[in-house]
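Taken in sequence, the protein lines are chains Y and V. Note that the working numbering has the first sequence beginning at 1, numbered continuously upward. Note that the working numbering has the second sequence beginning at 1, numbered continuously upward. Single-structure report; data block below.
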Amino acid sequence: MKPGIKIVLSLALLSSLSFGGESFAMSDADRAMYTEMLENNPADILVESGNELLEELVGGDAALAAFYKVTEDDLAKYIAGFPRYIEDFKQVVTISQSLQGLMHKHGHKPFKLKSAKMFELSSYVKSIANGENINIDINANKHIKKSYAMGENNYMTPRGGRGLACNSCHSDAVIGTVLRTQPLPDLSSKGVAVAATWPAYRMTKSSLRTLPRRFQGCMKNALLKVIPLGSEEMVALEVYLTHQAKGSEIAIPGLKR
Amino acid sequence: MKKTLLMSLVLAGSLIAADYSSVIQHPDASKLIQKDLLPPAKHFKMPANCVTTNSESIARGAFLFHNLNGKKAKKNPPKGLSRKQMKPGKTYLPGDKIPSKQYGNCIACHDIEGSVGPGNVGPSLVGYKKMFVDSGVRDAQFVYQQIADARALNPESLMTINLANGLFSSSEVCDLTSYILAPK
């Protein structure tokens, strides 16, 4: 990992630890493990194997830039603007979906969105934008506008077995309060820039996870019906939360509890 | 002429070549979400004899309050509560997986006497009866309604819904109400 990235990452983590309050969530042993992992994020190697996958499958960054119709110089900035509407897909797509298109173009059967290989590949591709600020533009066209509105609506609407919305646990009103020993995290750029730090290594799952996969975790725990990866609704949620973190510096892979 | 023909060929070519919409995964989730939405907020009238000093009812209320679901609960549930929840109208064959019963997990958001690791998303319910009911600020009907469907009292409520969506039965909401109002 480049040293610059490491510093951004540790700052992001420190700030996420400090709002949690000393007495909650983490024992000294946990904290020691965190510090150790900061030095050496277990997901670094997985992101690196994503890099190798891209080379094997299509030949590397240059092919990716060509697929996105940008120069290699502009590649990082372009990636920092996902999810985005791409005419060739006729819809707003995430990085992972765009990579399914790329694989198809090069004659490969696309990895499933839920597969570990796709997590590695898409994490690498997002990490190309490390150091860039998230620059999603929700006013770029009517498609992304509509997607943002759908995401906001899904975020706010209570549903499921317990009648909860994402907003029930992630609104300004409850940020920093504690849900059963877990401090409720801020998902916007005002605090921890969540969308800029996923994909991340999740210590409780011992694996590399993506943002929509994290959404699915919350849905499952809070008894909201889990909606599938890649659905318009799931992409819309990602658009909504990515916009909340607009302007934040991308630092992949993140490190999460 | 030649130029425009060439241009349109190029254009047509790129249009045909580039349509990845059927290549990527983009399943439909709209029906799934539609079915998962809640019925409108509803006012409930607390049944007669709902609040009781019956120790079995209070024990069930306490268990519902402090536990998440039948799978996670460490202790066995008290009489009248099970770990599993048969879905009404569904028949189960031998070997079928019967889902865990979901409990209230109120402790995730509320402190109360004897709690372990309570959250503070909602107000503390320690000393609730003395402070809020004996003083006349709240009554049992209020507590029952809050648990059944908090939206009827506050449309912006952040609390879980327990009766309007069929998570609990009315008598389970009474068990919880009895527990909150019981001396501890």
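Beta carbons: idealized from backbone N, C-alpha and C, even for Gly.
Nearest CA to the CA of Y/Arg202: which residue from Y/Ile250, Y/Ala43, Y/Gln100 and Y/Met103? Ranking Y/Ile250, Y/Ala43, Y/Gln100 and Y/Met103 by CA distance to the CA of Y/Arg202 puts Y/Ala43 first.
Residue-level contact to chain V via CB, Y/Leu241, 7 Å cutoff: Answer no: the Cβ-Cβ gap between Y/Leu241 and chain V never drops below 7 Å.
Can a CB atom of chain V be found closer than 7 Å to the CB of Y/Arg257? Taking Cβ atoms only, chain V never reaches closer than 7 Å to Y/Arg257, which makes this a no.
From the DSSP output, read off the bridge partner residues of Y/Tyr201. Looking at the DSSP assignment, Y/Tyr201 forms a beta bridge with Y/Leu208 and Y/Leu255.
At which residues does the alpha helix (DSSP H) containing Y/Tyr78 begin and terminate? Unbroken alpha helix (DSSP H) run through Y/Tyr78: Leu75 to Ile79.
In chain Y, which residues lie less than 9 Å from V/Thr177 when you measure between Cβ atoms? Close to V/Thr177, with beta-carbon spacing below 9 Å, lies no residue of chain Y; the smallest spacing is near 18 Å.
Return the CA-CA distance between Y/Ile136 and Y/Asn130, expressed in angstroms with no decimal places. Note on geometry: alpha-carbon atoms of Y/Ile136 and Y/Asn130 lie some 15 Å from one another.
Against chain V, does Y/Lys90 count as a neighbour if the rule is that its beta carbon must be under 7 Å from one of theirs? Among the CB atoms of chain V, one or more fall inside 7 Å of the CB of Y/Lys90.
Distance cutoff 7 Å, beta carbons only. Does V/Ala29 sit that close to anything in chain Y? Nearest CB-CB separation between V/Ala29 and chain Y: below the 7 Å threshold.
The region 216-229 of chain Y: which residues have C-beta closer than 8 Å to a C-beta of chain V, in chain order? When C-beta distances to chain V are compared with 8 Å, the residues of the region 216-229 of chain Y below that value are Leu223, Leu224, Lys225, Ile227, Pro228 and Leu229, in chain order.
Contact criterion: CB-CB distance below 7 Å. Does Y/Glu238 meet it with respect to chain V? Chain V has no Cβ within less than 7 Å of the Cβ of Y/Glu238.
By the criterion of Cβ-Cβ separation under 7 Å, what are the contact partners of Y/Gly101 in chain V? The answer, in chain order, is Tyr20, Val23 and Ile24.
Whole angstroms is fine: what's the gap from Y/Val93's alpha carbon to Y/Gly163's? One C-alpha to the other measures close to 29 Å.
Between the CA atoms of V/Lys45 and Y/Ala195 - distance to the nearest angstrom: When rounded, the distance between both Cα atoms is 44 Å.
Say whether chain V places a C-beta atom closer than 7 Å to the C-beta of Y/Arg213. No, because no Cβ of chain V sits closer than 7 Å to the Cβ of Y/Arg213.
Hey, V/Leu153 and V/Val121 are a contact pair by Cβ (cut 8 Å); roughly how many whole angstroms apart? Their Cβ separation, rounded to whole angstroms, is 17 Å, which puts V/Leu153 and V/Val121 out of contact at 8 Å.
I want to see whether chain Y comes within less than 7 Å of V/Asp36, judged by CB atoms only; does it? Yes, because at least one Cβ of chain Y sits closer than 7 Å to the Cβ of V/Asp36.
Chain-order list of residues whose beta-carbon lies under 8 Å from that of Y/Glu258 (same chain, five-residue window excluded): The structure shown does not extend to residue 258 of chain Y, since chain Y is modelled only from 1 to 257, so the question has no answer here.
In chain order, what residues of the same chain have a beta carbon less than 6 Å from the beta carbon of Y/Ala76, not counting five sequence neighbours either side? So the list reads Ile128, Ala129 and Glu132, once near-sequence residues are dropped.
Under the three-state reduction of DSSP, which class applies to Y/Val235: helix, strand or coil? Y/Val235 sits in a helix when the DSSP states are folded into three classes.
The region 36-54 of chain V in contact with the region 129-144 of chain V per 3-pair CB rule at 8 Å: Touching, yes, given that three or more Cβ pairs across the two stretches are closer than 8 Å.
Beta-carbon gap between Y/Pro83 and Y/Val178 smaller than 7 Å: Cβ distance not < 7 Å, so Y/Pro83 and Y/Val178 don't count as in contact.
Could you pull the DSSP bridge partners for Y/Asn139 from this structure? Under DSSP, no beta-bridge partner is assigned to Y/Asn139.
Suppose the cutoff is 7 Å on Cβ atoms and the five residues either side in sequence are ignored; what does the same chain contact list for V/Asp149 look like? Only Ala41, Lys42, Phe44, Ile161, Leu163 and Ala164 meet the Cβ criterion.
Just how far apart, CA to CA, sit Y/Leu99 and Y/Glu152? The alpha-carbon atoms of Y/Leu99 and Y/Glu152 are separated by roughly 25 Å.
So, is V/Pro118 buried or exposed, given that buried needs 16 or more other C-beta atoms within 10 angstroms? A residue is called buried when at least 16 other Cβ atoms come within 10 angstroms of its Cβ; V/Pro118 meets this threshold and is buried.
According to the Cβ coordinates, are V/Leu38 and Y/Pro199 closer than 7 Å? No; because the gap between Cβ atoms is not below 7 Å, this pair is not in contact.
Output yes or no for whether 7 Å exceeds the beta carbon distance between V/Phe101 and V/Lys75. According to the sequence provided, residue 101 of chain V is Lys. The question's Phe does not apply to it. Going by C-beta atoms, V/Lys101 is not nearer than 7 Å to V/Lys75.
Taking one C-beta from the region 40-57 of chain Y and one from the region 110-127 of chain Y each time, how about it: are there three or more such pairs within less than 8 Å? At 8 Å Cβ cutoff, the stretches touch.
Residues that Y/Asn54 contacts on chain V, provided the C-beta gap is smaller than 8 Å: Here residue 54 of chain Y turns out to be Leu, not Asn, going by the sequence shown. Ordered by position in chain V, no residue passes the 8 Å Cβ test against Y/Leu54, which lies about 17 Å from the chain.
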